[in-house]
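I have placed the structure first, in the form of structure tokens, so that the comments after it can refer back to it.
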Amino acid sequence: MSTEVEGLPFEQPENFEFTPENLDRAKAHIDAEFRPDGYNIGVNVGRAGGQSRMHVHVHLIPRYTGDVADPRGGIRCVLAGRAEPAH
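The sequence shown begins at 781 in this note's numbering and counts up one residue at a time.
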């Protein structure tokens with residue numbers, strides 16, 4: 781299973797395997813660079829589930845206190861006003 785890792789220093793992203801260890805590695809990089817207050821982790825499966833690129837990928841989304849009025853409900857609330865669908 782492979783995934784896109786945009787903006788992270790993995791030597792060969794096309795060979796990046798999704799594992800809990802690699803998710804921790806990506807999180808550590810984001811923590812050091814951006815210091816978020818929390819995260820959402822998401823996977824969209826099938827067109828009805830919001831998937832627009834038909835390969836497995838995991839979204840590790842840094843979150844910040846106050847980025848939305850009420851963070852309950854996760855990423856649905858953050859992206860609700862976007863004009864373009866996320867990938």
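All residues carry an ideal CB built from backbone N, CA and C; glycine is no exception.
Item                                                                                      : Value
Distance, Val838 Cα to Thr799 Cα                                                          : 10 Å
Contact belief for Ile841 with Gly822 at Cβ below 8 Å, rounded distance in angstroms      : 7 Å
beta-carbon Ser832 near the ligand NAD non-hydrogen atom, thresh 6 Å                      : Annotation note on the ligand NAD: not contained in the displayed structure, which lists no ligands.
Beta-carbon gap between Gly826 and Arg843 smaller than 7 Å                                : no
Pairwise C-alpha distance: Asn820 and Pro851                                              : 10 Å
Same chain, Cβ closer than 6 Å to Gly854, neighbours up to 5 away in sequence not counted : Asn820
Limits of the unbroken alpha helix (DSSP H) element including Arg805                      : Pro800 to Phe814
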